[in-house]
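Going by the working numbering, the first residue of the sequence shown is number 5, and it counts up by one from there. Beta carbons: idealized from backbone N, C-alpha and C, even for Gly. Following: one structure in structure tokens, then a few remarks.
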Amino acid sequence: MARVESVNVGRVRPTAHGKLKRTAIDKRSVAGAVWIGELGIDGDEIADLAHHGGPDKAVYAFAREDYAHWETELGRQLDSGVFGENLTTIGLDIQNARMGERWRVGDALLEVTSVRIPCSVFAGFLDEPRWVKRFTAHGVPGAYLRVLEPGHVAAGAPVVVDERPDHDLTVGLVFRACTTERELLSRVAEEPRISAALRQKATTR
5 MARVESVNVG
15 RVRPTAHGKL
25 KRTAIDKRSV
35 AGAVWIGELG
45 IDGDEIADLA
55 HHGGPDKAVY
65 AFAREDYAHW
75 ETELGRQLDS
85 GVFGENLTTI
95 GLDIQNARMG
105 ERWRVGDALL
115 EVTSVRIPCS
125 VFAGFLDEPR
135 WVKRFTAHGV
145 PGAYLRVLEP
155 GHVAAGAPVV
165 VDERPDHDLT
175 VGLVFRACTT
185 ERELLSRVAE
195 EPRISAALRQ
205 KATTR
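Below, the structure written as structure tokens:
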């Protein structure tokens, strides 16, 4: 069964990268059950409110299996949370999750709304050359989630796909639509559960 490997939170701190010069991308795992509310996980801070956080992007999830590629390519171990995710999962196919898909995670009910787009702050934190281009080319971004039902979650909590929409707008496809295959964006707008920012991008296109 799919489960949560780690719940991760971070505090805002200065950075030399990006326009704001502050970030909370450095997420660390926490012990015990923590509360997930409509605006995210207790104890987690957000620096760039224009691009992260809010009801549509309250939680960011990345699969432990999807770290494997980068651990091989970079030649180093990547701890849970190093990509800035709040939930590191095991046994959950996030790449092929569909927009609007709903997961029961611990006591909470979460809904897939958007995908992570790499930025200069992410690149600076990883300190890897050409990181944005490499991450984009690999095309495995993880998923942003809306909190439909708040609740507690802890490492080891099961993740159950509660509802899966009948379309093919997967995390992987939507990421390509936002980056390398922008002709796909018109299809993305058809899903009513996507984030407001993603809908604006799709309809503007």
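Residue environment analysis places residue 134 among the exposed positions, since fewer than 16 neighbouring C-beta atoms fall within 10 angstroms of its C-beta. Assignment of residue 66 by DSSP, reduced to helix, strand and coil, places it in the strand class. Pairing residue 151 with residue 9 gives a Cβ-Cβ distance that is not under 7 Å.
Around residue 174, the same chain offers 100, 102 as residues with beta carbons nearer than 6 Å, after the five sequence neighbours per side are excluded. Leaving aside the five residues that flank residue 142 on each side, the residues in its chain whose CB is nearer than 7 Å to its CB run, in chain order, 73. Judged by DSSP secondary structure, residue 112 falls outside any alpha helix (DSSP H) and instead within the beta strand (DSSP E) spanning 112-119. Exposed is the label assigned to residue 124, since fewer than 16 other Cβ atoms lie within 10 Å of its Cβ. Residue environment for residue 93: buried (at least 16 other C-beta atoms within 10 angstroms of its C-beta). DSSP places residue 149 in the uninterrupted beta strand (DSSP E) bounded by 147-153.
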